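K.L.:
Under mature numbering (1 follows the signal peptide of the UniProt record, and there is no 0), the letters of the sequence shown match residues -15 to -1, 1 to 110, in that order.
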Amino acid sequence: MKTLIMCAILGIATARPQNPQDAYITRYDNDNAGLGGYSFGVETSDGFRHDQTGEIVNPGAEDESLVVRGSYSYVGPDGVVYTVEYIADENGYQPAGAHIPQSAGVRKLGIPAAAQASLIGGGLG
C-alpha cells in the first residue's frame, strides 16, 4: 500500500504543469561551409524566432566586407509578437520594425584625413 501511495505522489508531482518560462528549441538550422557566407535559423517553444544570413561582398578586394541580413521575433509581455528585420553592413546596424521609432536621420560623420593618416602611422602634420 505504501508503494502504491508513493507511486501516486510521484506521478502527480511529475504530471504537474512545467514552468512556462523554460523554453526549448523547436528548430535549428545552420549552414556554414566557410565559402563566403552562412545562414542559420532557430525557433523556440515560447515563440522566439531568429533567421540570419551573412555574405562576403567583394571577396579578395580591398573593400571586402561582410553583409549580414536577418530578422527576429518574440512575444512580448503584452502578448504581442514583435518582429525586427535588420541589415548590418559598411553603414552599421540598421534595424527596422513597426514598434521601432523612425529616426529623423543620423548624419554620418567621417574621420578627418589627418586623423586617418595618424592611425596608419603618417602623423598628424
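Yeah, the Cβ is synthetic: ideal placement off N, Cα and C, and Gly gets one too. Keep in mind it's a predicted model, so treat the numbers as computed, not measured.
#1: What does the alpha-carbon distance come out to for the pair A99 and P44?
#2: Examine the Cβ distances between the segment 6 to 17 and the segment 30 to 41 and report whether three or more of them are shorter than 8 Å.
#3: Go ahead and pull the three-state DSSP assignment for A81.
#4: Do S50 and R34 count as a contact pair if the criterion is CB distance below 7 Å?
P.N.:
In this structure, then:
#1: Locating residue 99 in the sequence shown gives position 114, where the first residue counts as 1. Locating residue 44 in the sequence shown gives position 59, where the first residue counts as 1. Each residue's Cα considered, the two are about 29 Å apart.
#2: The segment 6 to 17 makes contact with the segment 30 to 41, as at least three CB pairs between them are under 8 Å.
#3: The sequence position of residue 81 within the sequence shown is 96, counting from 1. Strand, per DSSP.
#4: Taking the sequence shown and counting its residues from 1, one reaches residue 34 at position 49. Taking the sequence shown and counting its residues from 1, one reaches residue 50 at position 65. S50 is positioned such that its CB atom lies no closer than 7 Å to that of R34.
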